[in-house]
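Engineer: Residue numbers (this note's numbering): 537 to 705. Heads up, the beta-carbon is just placed ideally off N, CA and C, and yes, glycines get one too. Right, I'll just put the structure down here and ask away after.
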Amino acid sequence: MWIPAQPWWEPIVRAASVYLSLMVLMRLAGKRTLSQLTPFDLLVMLLLSEAVSPSIGGNDQSIVGGVIRAATLIGLNLAVGYATARSRSVERFIQGAPVVIGRDGALFEKVLRRQRIGRDDIEKALREAQCELPDLALAVLEPDGQITIWKASELKQGEAPSAGPVAPP
537 MWIPAQPWWE PIVRAASVYL SLMVLMRLAG KRTLSQLTPF DLLVMLLLSE
587 AVSPSIGGND QSIVGGVIRA ATLIGLNLAV GYATARSRSV ERFIQGAPVV
637 IGRDGALFEK VLRRQRIGRD DIEKALREAQ CELPDLALAV LEPDGQITIW
687 KASELKQGEA PSAGPVAPP
């Protein structure tokens, strides 16, 4: 129960490998996957944790091994948080960049497909912003998966919305 079945370093390597692999997979999954969990998405997340659990633990069921794995995952998460807070390039690599998905009353269909944003998602964001499509000044998919809408009627004449740095469509 207290004596690990593996060398002390193996749970660290296993946990780090799974953490980094999942980070890459979640990044590839796209922004919308992270921000809006449907019941199906929640099911996938739960099954994902069950699927990788043996990879992290191996044949070690000891308390010490579990504590080492947990400390490794928390440490990696803290290190990623520290690195993204200190470096803009690391932050963009880990979290992504905002993407313009619509401008001047038009939506960019290719960008919406590439970002896997359904028509319902953009219509919901427009409703929440109380904005009709013709009144759209700018729509941005944020790195956290949220959609930010700027209405043309709320902007001063000739003033462009300041969306910060955004990736081109």
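Measuring straight from C-alpha to C-alpha, what distance separates M581 and L614?
Structural biologist: Taking the straight line joining both Cα atoms gives about 21 Å.
Engineer: Pull up the distance between the alpha-carbon of L691 and that of I637, whole angstroms please.
Structural biologist: Distance between the alpha carbons of L691 and I637 is about 19 Å.
Engineer: Do the CB positions of R550 and I592 come within less than 8 Å of each other?
Structural biologist: Closer than 8 Å, so yes.
Engineer: Just the Cα atoms here: how many angstroms apart are Q542 and G594?
Structural biologist: Those two C-alpha atoms are separated by around 9 Å.
Engineer: For my contact list, T620 and I630 are in at a C-beta cut-off of 8 Å; report their separation, rounded to the angstrom.
Structural biologist: With 8 Å as the limit, T620 and I630 qualify as a contact, their Cβ atoms being about 5 Å apart.
Engineer: How many Å lie between P705 and G601 at the Cα?
Structural biologist: Because the pLDDT at P705 is just 48, under 50, the model does not fix this residue reliably, and the value given afterwards should be weighed accordingly. Looking at the two C-alpha atoms, the distance is approximately 47 Å.
Engineer: Over the uninterrupted beta strand (DSSP E) stretch that includes R639, give me the two end residues.
Structural biologist: It spans 635 to 639 - the beta strand (DSSP E) in which R639 sits, taken as one unbroken run.
Engineer: Cα-Cα, which of P547, P540, A688 is closest to D671?
Structural biologist: The candidate whose alpha carbon is nearest that of D671 is A688.
Engineer: Can you give the Cα-Cα distance for Y555 and E645, rounded to whole angstroms?
Structural biologist: The alpha-carbon atoms of Y555 and E645 are separated by roughly 34 Å.
Engineer: Less than 8 Å separating the beta-carbons of Q651 and V635?
Structural biologist: For Q651 and V635, yes; Cβs fall inside 8 Å.
Engineer: Just the Cα atoms here: how many angstroms apart are E659 and A607?
Structural biologist: If you take the alpha carbons of E659 and A607, they lie about 42 Å apart.
Engineer: Just to confirm the assignment, what range does the beta strand (DSSP E) spanning A675 have?
Structural biologist: Element bounds for A675: 672 to 677.
Engineer: Give me whichever residues DSSP pairs with W545 in a beta bridge.
Structural biologist: W545 is not bridged to any residue.
Engineer: Mapping DSSP to helix, strand and coil, what is I683?
Structural biologist: Residue state, collapsed to three classes: strand.
Engineer: Just curious, the alpha helix (DSSP H) that F644 is in, first and last residue?
Structural biologist: Counting along the chain, F644 falls outside any alpha helix (DSSP H), and DSSP gives it neither H nor E.
Engineer: Let me confirm a value: P642 is counted as buried when at least 16 other C-beta atoms fall within 10 Å, else exposed. Which label applies?
Structural biologist: A small correction: the amino acid at residue 642 is Ala; Pro does not occupy that position in the sequence shown. So A642 ends up on the exposed side.
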